[in-house]
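Chemist:
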Amino acid sequence: MSATGTTAPTRVSTTVGALRTALPFILLGLAAIALPLAGNDYWALIATRAAIYWILVSGLNLAVGFGGQLAIGYVALLTLGAYTASILVLRAEVSPYLGLVGAALVGGAAGVVVGLPALRLRTFYFAMTTLGFATIVTQVALAWQSVTGGGIGVPGPEMPAPFDTAWGFYGFCVVLAAICTWMTANIAASRFGRALVAIRDAEVAAEATGIAKPKLLLTVFLFAGAMAGVAGGLFASLQSYITPDAFTFDLSVLFFIAILIGGRGSILGPLLGTIILTVLPEFAAPLVAWSTFLYAALLLVIVVVIPGGIAALLDFKNRKPLQSDRAIVPRPELLGQLLDHMDKHETIALTGVVLAFGGVRAIDGLDLTIRPGEVHGLIGPNGSGKTTTLNVISGYYSPEQGDVRLGAEPLPRGLPQARAGMGIARTFQTPRLIGEASVLQNVMIGGTIAGTGSFVESLLTLPRHRADEAKLTEQAMRALSAVGLETLAGVRADRLQHSELRFMEIARALMLSPRFLMLDEPAAGLSSDEIVRLGALIKRIARCGTGVLLVEHHADLIFDICDHVTVLNLGKELAAGTPAEIRAHKEVVSAYLGG
Ligand code: ADP
Ligand code: MG
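Take a look at the structure:
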């Protein structure tokens, strides 16, 4: 009974929230329906072009706006799609619809090829490879005369009735554009969309939560390529005749800038951006020649005046001031619903681990055991190798000597993204967050690997996707309640105080229902009251059966809640034992604790 009592109001508020999100899209849809009543054929041409560009930009937006991958030369995929559809219809005499399917297939394959370098190259270097690809495609279209017609070109596919009129074709393109909007919005609101943003803004945290970057990025590039291919096929029909010089560099710039002025991580923003950039030059004919200049000027203005793009301008919710004297009051009693593995008895054991950076031996023969149900404190002066120890266990560094075992099995060397699946979670000395995402979304990222639905199931919001979302949302709210942040769930993470971010990271780690939890200085920047509450929370996490490794400077916290303590100095163990033993250890007291 209490369950229905608490979910009914939430359901109403989520429905209202969903309506508010959908409203701009509904208005745009109504405008698209009304346009044929008001406009002439010239308007049909412009509006069709905007719809076609959006079909391409919607997919590209997932890679660029969400995933943060600088894919610039996307006109290449438009070109490939246009030629594939035209040539299939002209030479293989297939129907224009099959031509579009062929364009999607070729576009998808090319999308993967263009995207592959993103797995190794970053930012500008990747951007350059996409530009290189665009040049190659144009050159091939020019040189391969027997198929592409070279500089003379080929006729574009003619759509059959009822899509053979200007408004008929417009309707066809608008429906496809609406489907693209719906699909990409579904991805944006799925664990895949959140994982993309995590890769963009907090790659290390994404790895620690087990997100497989290569697979996700290639899936997105496949999808974006397929959409670009379809857009190309439609573009060829709209142009009725295509030559290589129809695919100018300006188009690549338009696609990319539409996303930038729209705002990263938004669907509505880039959609409006695409419409504005397509329509703007048409309003004043003399401006057409200036379109590149116009784009550049617009981009500069946006970057300087509203760095978050159109999306940030429309984000009214996050302008409301937050309550200023907020106290974090965790509820450790809720942890039992998140963590239940009293039956697991394996340990993580480090023996004789050595790791050097150049000449510096950051860890120099360290033995340490993290036991389920216990808190193991790791203390020592700055630079003594505490964070490095965490990084070795999380797989960021491979030890040069010694081994790290989970139970009887050695932990795989490297592979930080494999740790989450083994139930090993962590937080970071400097919180790694996605500032533009809500606190709830940040926490949900921690549960990415718990989802069961595929990318395609999320594209189409099939039942498994919805079940994943419901489960992850519920779990994340529970984790937020346990750490005392549930009232801030809907707030953008970059509006939180530093201390709140530390608790948010713990909530994210709890999403894995971790068997082992490693905390890197979680009390740094917290008030003394908050430290006491944090201590109770950590202690309760351990009592639920999780093995905790706690790196800390606050001696009180360590001595209060730890079962074992290891003191590091210059990468070596200076002392190890119970808190009482450490407190009585002469060297530790004189070198570190003072007194
Ligand atoms: P702690 O967390 O105890 O303050 P760290 O583990 O961060 O210390 O660092 C231990 C030592 O290793 C320091 O001397 C630090 O300068 C060095 N170190 C850590 N990470 C790197 C790295 N990526 N490259 C080079 N030196 C590093
Ligand atoms: Mg450190």
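Per this note's numbering, the very first residue in the sequence shown carries number 689; after that it's consecutive.
C-beta atoms are modelled at their ideal positions from N, C-alpha and C, and glycine is treated no differently.
Please read these numbers as outputs of a predicted model, since none were measured by experiment.
#1: Does the distance from the CB of residue 776 to the CB of residue 786 come in under 8 Å?
#2: Quick check: the Cα distance between residue 1241 and residue 1207, rounded to an integer number of angstroms?
#3: With DSSP run on the structure shown, which of helix, strand or coil describes residue 690?
#4: May I ask you to report which of helix, strand or coil DSSP gives residue 1208?
#5: Of all residues in the structure, which have a C-beta closer than 6 Å to any heavy atom of ligand 1, taken in chain order?
#6: Indicate, with yes or no, if ligand 2 has a heavy atom lying under 7 Å from the CB of residue 1089.
#7: Nearest-angstrom Cα distance between residue 748 and residue 1005?
#8: Roughly how many angstroms separate the alpha carbons of residue 718 and residue 1194, rounded to a whole number?
#9: Secondary structure at residue 874, three-state DSSP: helix, strand or coil?
#10: Anyone know if the C-beta pair for residue 959 and residue 983 falls short of 8 Å?
#11: So residue 887 packs on residue 755, CB below 8 Å; how close in whole Å?
#12: Work out the CA separation of residue 989 and residue 997 for me, nearest whole Å.
#13: Mind the definition here: the region 1014-1023 touches the region 1040-1058 only if three or more C-beta pairs lie below 8 Å; say whether that holds.
#14: Just reading off the beta strand (DSSP E) that residue 1174 is part of, what are its end residues?
#15: Give the list of continuous alpha helix (DSSP H) stretches no shorter than 4 residues that lie fully inside the region 897-974.
#16: Is the beta carbon of residue 1047 less than 8 Å from the beta carbon of residue 1246?
#17: Name the two residues that bound the continuous alpha helix (DSSP H) containing residue 1089.
#18: In three-state terms, what does DSSP make of residue 1054?
#19: I need the DSSP call for residue 1260, collapsed to helix, strand or coil.
#20: To the nearest angstrom, report how far apart residue 967 and residue 1027 are at their CA atoms.
#21: Run through DSSP, which three-state label would residue 890 get?
#22: DSSP three-state label for residue 1040, please.
#23: Use the C-beta contact count for residue 1156: other C-beta atoms within 10 angstroms, 16 or more gives buried, fewer gives exposed.
#24: Would you kindly work out how many angstroms separate the C-alpha atoms of residue 1080 and residue 788, rounded to a whole number?
#25: Report the three-state DSSP secondary structure of residue 804 (helix, strand or coil).
#26: In three-state terms, what does DSSP make of residue 1002?
#27: Closest by CA to residue 1101, which one among 1091, 1095, 1108?
#28: Within the same chain, show all residues whose beta-carbon is closer than 7 Å to that of residue 829, passing over the 5 residues directly before and after it, in chain order.
#29: Starting from the Cα of residue 1248, find the closest Cα among 1224, 1255, 1254, 1234 and give me that residue.
Modeler: Looking at the coordinates:
#1: yes
#2: 12 Å
#3: Caution applies to residue 690, whose pLDDT of 38 falls short of 50 and renders its modelled position unreliable; the value that the coordinates give is listed next. Helix.
#4: strand
#5: 1045, 1048, 1050, 1068, 1070, 1071, 1072, 1073, 1074, 1075, 1076
#6: no
#7: 27 Å
#8: 45 Å
#9: helix
#10: no
#11: 6 Å
#12: 10 Å
#13: no
#14: Counting along the chain, residue 1174 falls outside any beta strand (DSSP E), and DSSP gives it neither H nor E.
#15: 901-927, 937-950, 956-971
#16: no
#17: No alpha helix (DSSP H) holds residue 1089; the beta strand (DSSP E) holding it covers 1089-1094.
#18: strand
#19: strand
#20: 54 Å
#21: coil
#22: strand
#23: buried
#24: 50 Å
#25: helix
#26: coil
#27: 1091
#28: 767, 771, 836, 932
#29: 1224
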